[in-house]
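*Asks:* This is the structure I want to talk about, given as structure tokens.
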């Protein structure tokens, strides 16, 4: 087995393992951290695919900025650990059979598509090609994809304004924040342990 | 002991270059730990002298063994953990901080290529890895360092820790922007992202005696980089979140013994990393007059040492910024300045064709 | 060495895990996280195709996907914060006012 194949399996195992845990386990803070682990595994895969620039950009933007945002929101809202799937959707047999059938159909479709693609003769270009250098990517970005680039920058501006408007502290809501009842039913783990954290989390920063 | 490739009739099982690489990795690690210990000593001595007192003098000659005494003291303390603290995160946070601090050194070169007086077949660069996106790597690792602090505050389950952690991490991510823009301006000047190539672009001198360092081409960029670096590492005058008088000790209030030592270590290694990268990007790395290129690492050490001294000097001279002043400075002054710096650098490169 | 199919299978598996998360989790933030997982799976297949077809288009499109995902995460989380102020819970089943 080539060294590259071993590395692929290692990074793939990291990615799948952490992603599975993200979806399966119940503590949201752990979910965010496991997702960061998944991003690191994927970044390793991008390096294997000769895209080091995108790998580092993924760590900077996704793992370093977006996930910090998620973590801040999780900590500020201080949501209690949820129980998995309590809504009773999975109880009825009709839902289960239809769900299983759809899942099997989806899996069959994927398997068919992958089987077909492996039989087509992909013209795989020179496998020892060096990775695309950053100047090359930059040139393509600013020449062929210039419009998309500018549109994306406006999109980010709009998103910033939207986020600030939606989540910004409104003075009329300030009274509501302080008047949370002491023993509300949404808390599954009770007691003073969480109370201190909640106060700290809601305080003015 | 002859290198493996020179033994007659045998194929090298492990190429000598690989062994050299591993040795360099180990060497860098050891040097960083020693540097952290040295920083502890230097900080206390310089602080003492600035405050017109002597500093450590009892342990060893001139108090040089003081860091050793500190480490022994910290190691022998009881490792406490608050009862309601999240055990996994509480243990993980200092590890993330320290790991992120050390990882930044994976791409920092500290010397020219050398073959160790002919021991190796081919010259090996004095650095762990010469990645061609090295500047972005530095930036990525700085982003990862935020998590150690955030998790420390959250997992301690205490008001002071959480507030300190959230403020500290908000400060770090705010100053990362100016940090990145200053890096981008150097990128524009040098035309490459690999730190080794940036240093090599600073070789030589104008008029025979002014070295071609980027600090002369971009003084504002250097100022922005050092300021953002100081803010990133949570050092004075930007250390409000861990100021003793304000928030007990911020995010590391609940830590003791070796975990606290890890945070301490992470802070000092971050300082060394910022100084090393600044001296590579702006002060010409290992190039300098009088010494031949293969002794360039001496110049590198001198430059890094000077910047570290400057760090300590700033801490004990300048008053502390209040948190809102700190954030206003980062967003309303430093960020626009770094954008203007980047635009001016790009315009200059286009116009003068540097 | 790892063939294109390896990467596509991995991308499919990650996408499936993400979809399961979006459909099954009862916490709005975890639903958003699973959405990010799905976007990452797609990124992986873009880059794999870009590599095996020898074009840099894959990397550039991933660049845009990451940016758009950032914008969407920001707005999504702002919405979550605004909703939480009203209903004090993160269970998506609590938001039923537009139903029927």
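Residue numbers (my numbering), protein chains in the order written: chain A, 11 to 215; chain B, 366 to 719; chain C, -4 to 95. Quick reminder that beta carbons are idealized off the backbone N, C-alpha and C, glycines included. No experiment lies behind these values; they were computed from the predicted model shown.
1) Quickly, what does DSSP pair residue 575 of chain B with across the bridge? List them, please.
2) Under a Cβ-count criterion, where at least 16 other Cβ atoms within 10 Å of its own Cβ denotes burial, should residue 584 of chain B be classed as buried or exposed?
3) What residue does the beta strand (DSSP E) around residue 478 of chain B start on, and which one ends it?
4) For residue 593 of chain B, which residues of its own chain have a beta-carbon under 7 Å away from its beta-carbon, when the five flanking residues on both sides are left out?
5) Please classify residue 146 of chain A as buried or exposed, where buried requires at least 16 neighbouring CB atoms within 10 angstroms.
6) Please name the residue, chosen from C/40, C/12, C/45, that lies closest to residue 1 of chain C on a Cα-to-Cα basis.
7) Any beta-carbon of chain C closer than 8 Å to the one on residue 106 of chain A?
8) Three-state secondary structure (DSSP) at residue 92 of chain C?
9) Please report whether the beta-carbon of residue 390 of chain B lies at a distance below 8 Å from any beta-carbon of chain A.
10) With DSSP as the reference, label residue 599 of chain B as helix, strand or coil.
11) Measuring only between beta-carbons, confirm whether residue 63 of chain A sits less than 8 Å from chain C.
12) Who are the neighbours of residue 169 of chain A on chain B, taking C-beta pairs under 7 Å?
13) Using only CA atoms, which one of A/115, A/113, A/126 lies nearest to residue 3 of chain C?
14) Terminal residues of the continuous alpha helix (DSSP H) containing residue 680 of chain B?
15) I'd like the list of long-range same chain contacts for residue 424 of chain B, defined as Cβ closer than 7 Å, with 5 residues on each side in sequence excluded.
16) Short check: CB of residue 34 of chain A to CB of residue 77 of chain A, under 8 Å?
17) Can you check whether the C-beta of residue 54 of chain C is within less than 8 Å of a C-beta belonging to chain A?
18) Can you have a look at residue 651 of chain B and say buried or exposed, based on whether 16 or more other CB atoms are within 10 angstroms of its CB?
19) Pick out whichever of B/443, B/458, B/503 has its Cα sitting closest to the Cα of residue 637 of chain B.
20) Got a sec? Which residues, its chain only, sit under 7 Å from residue 32 of chain C by beta carbon, not counting five neighbours each side?
21) Relative to the C-alpha of residue 696 of chain B, which candidate in B/517, B/551, B/536 has its C-alpha closest?
22) Closer than 9 Å between beta carbons: that is the criterion. Which residues of the region 34 to 47 of chain A meet it against chain B?
23) List, in order along the chain, the chain B residues whose C-beta lies closer than 7 Å to that of residue 70 of chain A?
24) Check whether the region 667 to 677 of chain B touches the region 548 to 558 of chain B, counting contact only when three or more Cβ pairs, one atom from each stretch, lie closer than 8 Å.
25) Give the range of the alpha helix (DSSP H) segment to which residue 177 of chain A is assigned.
26) Would residue 102 of chain A count as contacting chain C if we go by Cβ distances under 8 Å?
27) Considering only their Cβ atoms, is the gap separating residue 643 of chain B from residue 603 of chain B smaller than 8 Å?
28) Would you mind telling me which residues of chain E sit closer than 7 Å to residue 150 of chain A, beta carbon to beta carbon, in chain order?
29) Nearest-angstrom Cα distance between residue 412 of chain B and residue 688 of chain B?
30) Rounded to whole angstroms, what is the Cα-Cα separation between residue 551 of chain B and residue 646 of chain B?
31) What does the alpha-carbon distance come out to for the pair residue 64 of chain C and residue 710 of chain B?
32) Residue 59 of chain A and residue 68 of chain C look like a contact to me (Cβ under 8 Å); what is the Cβ gap, rounded to whole Å?
33) Closer than 6 Å by C-beta to residue 649 of chain B: which residues in its own chain qualify, once you throw out the five before and the five after it? Chain order, please.
34) If you follow the alpha helix (DSSP H) that residue 463 of chain B is in, where does it begin and where does it stop?
35) How do the region 151 to 162 of chain A and the region 49 to 59 of chain C stand: do at least 3 beta-carbon pairs fall below 8 Å, yes or no?
36) Taking the alpha carbon of residue 476 of chain B as the point to measure from, which residue in B/395, B/427, B/665, B/520 has its own alpha carbon closest?
*Replies:* By the coordinates alone:
1) One-based indexing of the second chain puts residue 575 of chain B at position 210. Answer is B/571, bridged to residue 575 of chain B.
2) Residue 584 of chain B sits at position 219 when you count from the first residue of the second chain. Under a 10 Å Cβ-count criterion, residue 584 of chain B is classified as exposed, with fewer than 16 other Cβ atoms of the shown protein chains found around its own Cβ.
3) Taking the first residue of the second chain as 1, we reach residue 478 of chain B at position 113. First-last of the beta strand (DSSP E) with residue 478 of chain B: 476 to 479.
4) Start at 1 with the first residue of the second chain, and residue 593 of chain B comes out as number 228. Closer than 7 Å at Cβ, skipping near neighbours: 540, 543, 544, 547, 699.
5) Translated into the one-based positions of the first chain, residue 146 of chain A becomes position 136. So residue 146 of chain A ends up on the exposed side.
6) Along the third chain, read from residue 1 onward, the residue named residue 1 of chain C stands at position 6. Ranking C/40, C/12, C/45 by Cα distance to residue 1 of chain C puts C/40 first.
7) In the first chain, the residue the question calls residue 106 of chain A occupies position 96. For residue 106 of chain A, the answer is no, since every Cβ of chain C falls outside 8 Å of its Cβ.
8) As a working mapping, residue 92 of chain C is identified with position 97 in the third chain. The answer is coil: DSSP assigns residue 92 of chain C none of H, G, I, E or B.
9) Translated into the one-based positions of the second chain, residue 390 of chain B becomes position 25. Under the Cβ criterion of 8 Å, residue 390 of chain B is not counted among the residues facing chain A.
10) As a position in the second chain, residue 599 of chain B is number 234, starting the count at 1. In the structure shown, residue 599 of chain B sits in coil (DSSP, three-state: anything other than H, G, I, E or B).
11) For the purposes of this step, residue 63 of chain A is identified with residue 53 of the first chain, where counting begins at 1. Residue 63 of chain A counts as touching chain C.
12) For the purposes of this step, residue 169 of chain A is taken as the residue at position 159 of the first chain. Near residue 169 of chain A there are no residues of chain B at all, since even the closest Cβ is about 16 Å away, more than 7 Å.
13) Along the third chain, read from residue 1 onward, the residue named residue 3 of chain C stands at position 8. The residue with the shortest Cα to Cα distance from residue 3 of chain C is A/126.
14) The residue labelled residue 680 of chain B in the question sits at position 315 within the second chain. That run of the alpha helix (DSSP H) goes 661 to 682.
15) Within the second chain, residue 424 of chain B is the residue found at index 59, counting from 1. Cβ neighbours of residue 424 of chain B beyond the five flanking positions: 430, 431, 434.
16) Your numbering for residue 34 of chain A matches position 24 in the first chain. Your numbering for residue 77 of chain A matches position 67 in the first chain. Taking 8 Å as the cut-off, the beta carbon of residue 34 of chain A is found no closer than this to the beta carbon of residue 77 of chain A.
17) Locating residue 54 of chain C in the third chain gives position 59, counting from the first residue. For residue 54 of chain C, the answer is yes, since a Cβ of chain A falls inside 8 Å of its Cβ.
18) Taking the second chain and counting its residues from 1, one reaches residue 651 of chain B at position 286. Buried, because 16 or more other Cβ atoms sit within 10 Å of the Cβ of residue 651 of chain B.
19) One-based indexing of the second chain puts residue 637 of chain B at position 272. Nearest C-alpha to residue 637 of chain B among B/443, B/458, B/503: B/503.
20) Within the third chain, residue 32 of chain C is the residue found at index 37, counting from 1. Around residue 32 of chain C: 9, 12, 13, 16.
21) By 1-based counting over the second chain, the position of residue 696 of chain B is 331. Residue B/536 is the option with its Cα nearest to residue 696 of chain B.
22) Within the region 34 to 47 of chain A, the qualifying residues are 37, 39, 40, 43, 46.
23) Along the first chain, one-based indexing puts residue 70 of chain A at 60. What residue 70 of chain A touches in chain B: 501, 504, 505, 508.
24) no
25) Counted from its first residue, the first chain places residue 177 of chain A at position 167. Counting along the chain, the alpha helix (DSSP H) containing residue 177 of chain A begins and ends at 156 to 177.
26) Counting from 1 along the first chain, the entry for residue 102 of chain A is found at position 92. No, because no Cβ of chain C sits closer than 8 Å to the Cβ of residue 102 of chain A.
27) To locate residue 603 of chain B, count along the second chain from 1; it is residue 238. To locate residue 643 of chain B, count along the second chain from 1; it is residue 278. No; because the gap between Cβ atoms is not below 8 Å, this pair is not in contact.
28) The displayed structure is made up of protein chains A, B and C, and chain E is not among them.
29) By 1-based counting over the second chain, the position of residue 412 of chain B is 47. By 1-based counting over the second chain, the position of residue 688 of chain B is 323. Each residue's Cα considered, the two are about 24 Å apart.
30) Translated into positions along the second chain, residue 551 of chain B becomes position 186. Translated into positions along the second chain, residue 646 of chain B becomes position 281. Going by the C-alpha atoms only, they are around 7 Å apart.
31) Locating residue 64 of chain C in the third chain gives position 69, where the first residue counts as 1. Locating residue 710 of chain B in the second chain gives position 345, where the first residue counts as 1. For residue 64 of chain C and residue 710 of chain B, the distance between alpha carbons rounds to 31 Å.
32) On the first chain, residue 59 of chain A is found 49 positions in, with the first residue counted as 1. On the third chain, residue 68 of chain C is found 73 positions in, with the first residue counted as 1. The pair is not a contact, with the Cβ atoms about 24 Å apart (cut-off 8 Å).
33) Numbered from its first residue, the second chain carries residue 649 of chain B at position 284. These residues qualify, in order along the chain: 567, 576, 578.
34) By one-based count along the second chain, residue 463 of chain B stands at place 98. Looking at the DSSP string, the run of the alpha helix (DSSP H) that includes residue 463 of chain B is 452 to 468.
35) yes
36) Along the second chain, read from residue 1 onward, the residue named residue 476 of chain B stands at position 111. For residue 476 of chain B, the nearest C-alpha among the options comes from B/665.
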